[in-house]
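Top to bottom, those sequences are chains A and B. Numbered according to the UniProt record's numbering, the first sequence terminates at residue 362, and the numbering increases by one at each position without gaps. Numbered according to the UniProt record's numbering, the second sequence terminates at residue 362, and the numbering increases by one at each position without gaps. We put the beta carbon where it would ideally sit given N, CA and C, even for glycine. What follows is one structure encoded as structure tokens, with my remarks underneath.
Number of protein chains: 2
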Amino acid sequence: ADGSAMRAARERQAQLTKPAGALGDLEDLAVRLAGVFGTEQPHPQGVAVLVAAGDHGVAAGGVSAYPPEVTPAMVANFLADTPAGPGGAAVNAIARTVGARVYVMDAGVNADLPEHPALFRASVRRGTRDLRSEPAMTQEEAGASVLAGAALARRAIEEGADLLIPGEMGIGNTTPAAALTARLLELDPTRVTGRGTGVDDATLLRKVDAVRQALEREGSGRADPLGVLADLGGFEIAAMLGMMFQAAASRRAVILDGFVEGSAALVGVALVPALRDFLFPAGECAEVGHAAQLAHLELKPMFCLGLRLGEGTGGVLAAPLLLSAAATLREMRTFAEAGVPGGA
Amino acid sequence: ADGSAMRAARERQAQLTKPAGALGDLEDLAVRLAGVFGTEQPHPQGVAVLVAAGDHGVAAGGVSAYPPEVTPAMVANFLADTPAGPGGAAVNAIARTVGARVYVMDAGVNADLPEHPALFRASVRRGTRDLRSEPAMTQEEAGASVLAGAALARRAIEEGADLLIPGEMGIGNTTPAAALTARLLELDPTRVTGRGTGVDDATLLRKVDAVRQALEREGSGRADPLGVLADLGGFEIAAMLGMMFQAAASRRAVILDGFVEGSAALVGVALVPALRDFLFPAGECAEVGHAAQLAHLELKPMFCLGLRLGEGTGGVLAAPLLLSAAATLREMRTFAEAGVPGGA
């Protein structure tokens, strides 16, 4: 991030017609945006949510409340024609409300997806291998997904996106996300494995056990983050990592949605610590382990609505808050300009 | 609120393409909006923030970090021509970002405000009397402000507002808000008197003392909420109460911003408990005592950004969350419509 733009933004903020600090966390967010966009008056405009879908070998182990068939069915739902416009899922409804564009990506769904002009086809394999017994992906496969995610982010940026929201759909994917988080933060599986879309106690125990089995296989260590990603991750997680890197490289902001996105971010900051400066966590999601991710990133979420849906929904909800934070730096007058007594 | 619309909304919500409960607090918000608008698929559109300004006799007691001259200066700032559009205050910048309309009302500013077509002139008196030594307003004065606030809300509703955000500007007004909260919730002044725009320790002690003096005068009791309002309140607080009543009467939703707005809401629910169903708290503001207000209302805020600016800023930030909650009920497809396995 651009330290001199951040300093200039802070100086400007101190002159704006409000008591010092009265906009709370919005003030830090505004300054961080100044750092991302390299100007004391950042003007992010386009918002894009990039939903990557992938399937997971570990779903065969009964770690989700839903069957794997839901992954392709939801991809079709993201793309469906509806009376309200394209897409009948939560992310579509929320994105229409806040004016965000939705991109959908097949990163590795285990199905023949129908042709659709709005579907970005980048499937590396029809789902990962079962991480309980073998590496989920080869390094080449994971790398291909990272590059594909970066390519989609590049397209979104070319089409006007300033705030990018990696999102995901993949039945079973909170299990690899938990495995990645446990490995990278060196936490016990019980501390990072949660109920995902809402599994019962027996399924939760199977999830914890699946994460433990994956961690106990000989695998890559923390010193090799991409190895860990291939070993324990998923195609949509790798794709989201690529989106984050591309956004940062293009000096755009990333709104970080939930726990699965957080696992991609952990891989990212392990590789390139400065990636952190481009990440803006949306909410603290209901998934256990998300708080540990945010603590590691030393980033504070904007809200706590108890979301646990994925799809990037929380990220889209947070976009107006970030746009507003930037607007205060650009559009508020200073005490001197407004002739208001009491400036610093 | 319309109980049958709420039940229908809940049944519809259970069929939508998401795990049960996965949208967290957004689900309850959507159902409450169904109750307000009387339909299982609520479609709120226009957002209006109504900023009422007033001055306070108690400001002479040194209870604020800013001089009373800031009140009229900020009213001028709300109305100023700027390169970005009308208004150079935080509420203007944020409202432009989320597409909300800003209304500005002189409810009782102690100054000659310049003519401006966008200023709603409804000043009852040039500021309240000093509540430490006498009632801040007569019942007639308070009643006139309530009616003026209702009239402005009616105008905003006629001009398309579905979500109404009462907002305020008035140097010294967290002192009457604390007095109202202490009286109506029967709490000690120290528990509800905070730092407002950021006062130092000595000023905070003066504020607590001012609230205590006001409460120790012979005054109206909880059984007479309008009497309490006149005794301890302010013109902008009375006006916001009128806005809330008019919004509820017109079946529109009220986004409840901060601590001063909360004190108006406490008067409102003391008079008409059903008003609560029309209130949607934005964030938990930094002001001590706000949490006690929300607990009394049994309402959960949408975020916690540590805002303590007023002007309705938090309410405007919350508007996209409410609009999004409603959109999920209208625009998401059901499991059956989408052909997704796993519906209830």
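Residue i - DSSP class collapsed to helix/strand/coil
i, result
"GLU133 of chain A", "coil"
"VAL358 of chain A", "coil"
"ALA179 of chain A", "strand"
"THR352 of chain A", "strand"
"ALA139 of chain A", "It is worth fixing the name first, because residue 139 of chain A is Arg in this sequence and not Ala. In the structure shown, ARG139 of chain A sits in a strand (DSSP, three-state: E or B)."
"ARG119 of chain B", "strand"
"ASP99 of chain B", "strand"
"GLY64 of chain B", "strand"
"THR215 of chain B", "coil"
"ALA174 of chain B", "helix"
"ASN191 of chain B", "coil"
"ARG235 of chain B", "coil"
"LEU339 of chain A", "helix"
"SER22 of chain A", "helix"
"ARG144 of chain B", "coil"
"residue 389 of chain B", "Lying before the first or after the last residue shown, residue 389 of chain B is absent from chain B, which here runs from 19 to 362."
"VAL127 of chain B", "coil"
"ARG240 of chain A", "coil"
"VAL81 of chain B", "coil"
"GLU152 of chain B", "coil"
"SER268 of chain B", "coil"
Residues near residue i in its chain [Cβ-Cβ closer than 7 angstroms; skip 5 each side]
i, result
"ARG224 of chain A", "GLY79, GLY80 and VAL81"
"VAL226 of chain A", "PRO207, THR208 and THR211"
"GLU158 of chain A", "none"
"HIS308 of chain B", "GLY276, PHE277, GLY280 and GLU302"
"ALA232 of chain B", "LEU149, ARG150, ALA197 and LEU250"
"ALA162 of chain A", "VAL142"
"ARG269 of chain A", "VAL54, PHE55 and GLY56"
"LEU341 of chain B", "PRO62"
"GLY324 of chain B", "ALA304"
Residues of its chain near residue i, where Cβ-Cβ distance is below 8 angstroms and the 5 sequence neighbours each way are ignored
i, result
"LEU98 of chain A", "Per the sequence presented here, residue 98 of chain A reads as Ala, with Leu not at that position. Cβ within range, chain order: PRO104, GLY105 and GLY106."
"VAL88 of chain B", "ILE189"
"ARG240 of chain A", "ARG201, LEU202, GLU204, VAL246 and ALA288"
"ASP218 of chain A", "ALA83"
"ARG348 of chain A", "GLN59, PRO60 and HIS61"
Sequence-distant residues of its chain with Cβ nearer than 6 angstroms to residue i (five each side left out)
i, result
"ALA356 of chain A", "THR35"
"GLU58 of chain B", "ALA23, ALA26, ALA27, ARG30 and ALA52"
"VAL306 of chain B", "GLY212"
Cβ of residue i within 7 angstroms of any chain A Cβ
i, result
"ALA112 of chain B", "According to the sequence as given, residue 112 of chain B is Ile; it is not Ala. Yes - at least one Cβ of chain A is within 7 angstroms of the one on ILE112 of chain B."
"VAL116 of chain B", "yes"
"VAL88 of chain B", "yes"
"THR215 of chain B", "yes"
"LEU44 of chain B", "yes"
"GLU316 of chain B", "no"
"GLU349 of chain B", "yes"
"THR35 of chain B", "yes"
"VAL358 of chain B", "yes"
"LEU297 of chain B", "no"
"ARG326 of chain B", "yes"
"LEU339 of chain B", "yes"
"THR346 of chain B", "yes"
"ALA71 of chain B", "no"
"PRO62 of chain B", "no"
"TYR121 of chain B", "no"
"PRO207 of chain B", "no"
Short CB-CB distance (under 7 angstroms) between residue i and chain B
i, result
"PHE321 of chain A", "yes"
"SER342 of chain A", "yes"
"PRO153 of chain A", "no"
"ALA108 of chain A", "yes"
"ASN95 of chain A", "yes"
"LEU137 of chain A", "no"
"LEU335 of chain A", "yes"
"THR193 of chain A", "no"
"LEU41 of chain A", "yes"
"PRO132 of chain A", "no"
"ALA91 of chain A", "yes"
For residue i, the residue or residues it bridges with in DSSP
i, result
"VAL69 of chain B", "B:VAL122 and B:GLY185"
"LEU34 of chain B", "B:THR352"
"PRO104 of chain B", "B:ASP99"
Proximity test, residue i beta-carbon vs the ligand ZN heavy atom, cut-off 6 angstroms
i, result
"ASP206 of chain A", "Of the ligands one can find in the structure shown there are none, so the ligand ZN has no counterpart to examine."
Which ranges would you report for the alpha helix (DSSP H) in the stretch 272-331 of chain B if only whole runs of at least 4 residues count?
277-289 and 308-315
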